[in-house]
Amino acid sequence: MPDNEYDVYLVPTGKRGEEQNIVSPVAATDVDFYETGIWVRRKGGRNFFPYEQIRTIREHHSGQ
Numbered sequence: 165m166p167d168n169e170y171d172v173y174l175v176p177t178g179k180r181g182e183e184q185n186i187v188s189p190v191a192a193t194d195v196d197f198y199e200t201g202i203w204v205r206r207k208g209g210r211n212f213f214p215y216e217q218i219r220t221i222r223e224h225h226s227g228q
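Structural data, given as structure tokens:
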């Protein structure tokens, strides 16, 4: 089990989140950073978010 988890807060503009049925914050078990955005691993699978869509990423220990 990972030591850290992440809450990814999204910018409330655009319809992409609504189309994918994604609610901010996105609870993630892992975040991978790339040149154009991040891949977020969560219980429901993986999602890619461009940096323009991300407001904040909060890292915390599991269980907090």
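If you're matching positions, the sequence shown starts at 165 in the numbering used here and goes up one per residue. We put the beta carbon where it would ideally sit given N, CA and C, even for glycine. Only a predicted model underlies this, so the values are computations on that prediction, with no experimental measurement involved.
- Shown here, E169 sits in a strand according to DSSP, grouped into three states.
- Around the C-beta of E169, 16 or more other C-beta atoms lie within 10 Å, and the residue is accordingly described as buried.
- In the structure shown, the three-state DSSP call for E199 is coil.
- For G209, the enclosing beta strand (DSSP E) begins and ends at G209 to P214.
- According to the DSSP assignment, I218 belongs to the beta strand (DSSP E) that extends over I218 to H225.
- Here A192 is buried, its C-beta having at least 16 other C-beta atoms within 10 Å.
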